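Mapping of the sequence shown onto the UniProt record's numbering: position 185 corresponds to residue 185, and the numbering continues sequentially without gaps.
Built from N, CA and C at the ideal position, the CB exists for glycine as well.
It should be emphasised that the depicted structure is a prediction, and the values quoted were computed from it without experimental measurement.
Here the structure is laid out as structure tokens; the discussion comes afterwards.
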Amino acid sequence: MAESAASQCEDQFICSVCLDRLKEPVTIPCGHSYCMSCITDCWEQKEQEPPYCCPQCRESFSQRPLLKKNTLIAEMMETLQKTSLQTAAVECDVCTTEKSRAVKSCLQCLASFCQTHLQLHYQSPAFMKHKLVQASRNIQENICLSHKKPLDIYCQDDGQCVCYLCMIDNHAVLIIIFILHKCIGCSFDSPC
């Protein structure tokens, strides 16, 4: 399911001229995006006179649009490429003969699993509470160095992810104050 979502996301960045990932993406006035070279070649190949039109929706433009690199799409493409490279290389840690592609990593087991070996985490009550994340080669990055627990809470004060024990250790006073205020019906804005 996560795999299909990733491929759907990737489909949004396909040039409809070359049918490949966008390279140096540009967006024309109708909102469609193309590789800079593809749309330039398309307009020059046809020796198109005004009006110029979008190859996809056929919207026409009286003047040839000025093409500028769409930096937002370029950054998203770069992120997508890094993500797909990272997940594509992850192999199942349980497969013995032929290594299958891992679909999830478990933060408790500190291992990555293919679809077949992942089933135990969905079927066995002992594994159902394990924290599963997108397949990653660097599972250790998602584990607290102090407590060996998953980093599953974002702390705004610290500006980083922490485990629940770090949250309790570092913010116990705030948690106790919050609970006391809730119990006696006070708000943080007004004194009790």
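Let me know the secondary structure DSSP gives residue i once reduced to three states.
i           : result
residue 150 : strand
residue 118 : helix
residue 113 : strand
residue 12  : coil
residue 166 : helix
Quick one: Cα of residue i to Cα of residue j, how far?
i           : j           : result
residue 165 : residue 38  : 53 angstroms
residue 204 : residue 119 : The question about residue 204 has no answer here: the residues shown for the chain are numbered 1 through 192.
residue 79  : residue 20  : 17 angstroms
residue 112 : residue 64  : 51 angstroms
residue 54  : residue 104 : 40 angstroms
residue 102 : residue 159 : 30 angstroms
Kindly indicate the opening and closing residues of the beta strand (DSSP E) around residue i.
i           : result
residue 135 : Careful: residue 135 lies outside any beta strand (DSSP E) and carries neither H nor E.
residue 161 : 160-162
residue 27  : 25-27
residue 100 : Residue 100 -> no beta strand (DSSP E), and no H or E assigned at all.
Can you tell me where the alpha helix (DSSP H) holding residue i begins and where it ends?
i           : result
residue 125 : 125-128
Take the Cβ of residue i as the centre, count every other Cβ of all protein chains shown within 10 Å, and call the residue buried at 16 or more, exposed below.
i           : result
residue 75  : exposed
residue 150 : buried
residue 1   : Residue placement at residue 1 is poorly supported in this model, since its pLDDT is 41, which falls under 50; the coordinates still yield a value, given next. By the 10 Å Cβ count, residue 1 comes out exposed.
residue 138 : exposed
residue 25  : buried
residue 57  : exposed
residue 14  : exposed
residue 52  : buried
residue 89  : exposed
Checklist entry - What are the complete alpha helix (DSSP H) segments, minimum 4 residues, inside the segment 31-93? => result 36-45, 71-88
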